[in-house]
């Protein structure tokens with residue numbers, strides 16, 4: 008029985024759309040990390056973990 012790959016039916020991406028996909032993924036990752044960092048700022052300030060906060064927010068992801 009042939010395994011059906013989930014992307015098998017997706018039309019082949021050309022170079023232009025691959026670049027756009029890369030940009031989209033980068034944007035989503037950056038947005039996620041910014042949200043995560045803001046969430047952590049609020050929650051870590053309530054605890055005694057400023058070192059963790061500094062490490063996470065100093066990652067050069069955006």
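Residue numbers (our numbering): 8 to 69. Where is the CB? At the ideal position from N, CA and C, for every residue including glycine. Small disclaimer: the values here were computed from a predicted structure and weren't measured.
Could you tell me the alpha carbon to alpha carbon distance between residue 29 and residue 36, rounded to whole angstroms? 11 Å
Outcome for residue 69 when other beta-carbon atoms lying within 10 angstroms are tallied against a minimum of 16: The predicted position of residue 69 is uncertain, since its pLDDT is 46 and thus under 50; no value can be drawn from it.
Give the DSSP-derived three-state secondary structure of residue 37 in the structure shown. helix
Taking the straight line between their C-alpha atoms, what separation do you get for residue 25 and residue 33? 12 Å
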